[in-house]
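Peer 1:
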């Protein structure tokens, strides 16, 4: 797994971006591998955001249903 939660993904993303910049400036080819890792982290962040949005939608629908039943 790339990273288990949003906070860890954001920390890893920040670290990778910093390392990639430093390594590219030095002409180190490892930066290409880290770029691939960064792409995976970004994809995981998108997945987490999608899950969050879906959860929010379900919570909103549940709240509406509960308030409708309370009337």
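Residue numbers (the working numbering): 6 to 76.
Idealized CB from N, CA, C, for every residue including glycine.
Would you tell me roughly how many angstroms separate the C-alpha atoms of residue 10 and residue 53, rounded to the nearest one?
Peer 2: Answer to the nearest angstrom: the Cα atoms are 7 Å apart.
Peer 1: Take residue 35 and list the residues in its own chain whose beta-carbon comes closer than 7 Å to its own, dropping the five residues that flank it on each side.
Peer 2: If we look at residue 35 and ignore the five residues flanking it on each side, its Cβ neighbours are 28.
Peer 1: Just how far apart, CA to CA, sit residue 32 and residue 55?
Peer 2: Cα-Cα distance, rounded: 36 Å.
Peer 1: Quick check on residue 64: buried or exposed, where buried means 16 or more other Cβ atoms within 10 Å of its Cβ?
Peer 2: Answer is exposed; the Cβ neighbour count stays below 16.
Peer 1: Quick one: is residue 41 buried, meaning 16 or more other Cβ sit within 10 Å of its Cβ, or exposed?
Peer 2: Under this definition residue 41 is an exposed residue.
Peer 1: Where does residue 69 land, buried or exposed, given buried means 16+ other C-beta within 10 angstroms?
Peer 2: When all chains shown are included, residue 69 counts as exposed.
Peer 1: Closer than 6 Å by C-beta to residue 17: which residues in its own chain qualify, once you throw out the five before and the five after it? Chain order, please.
Peer 2: So the qualifying residues of the chain are 8, 46.
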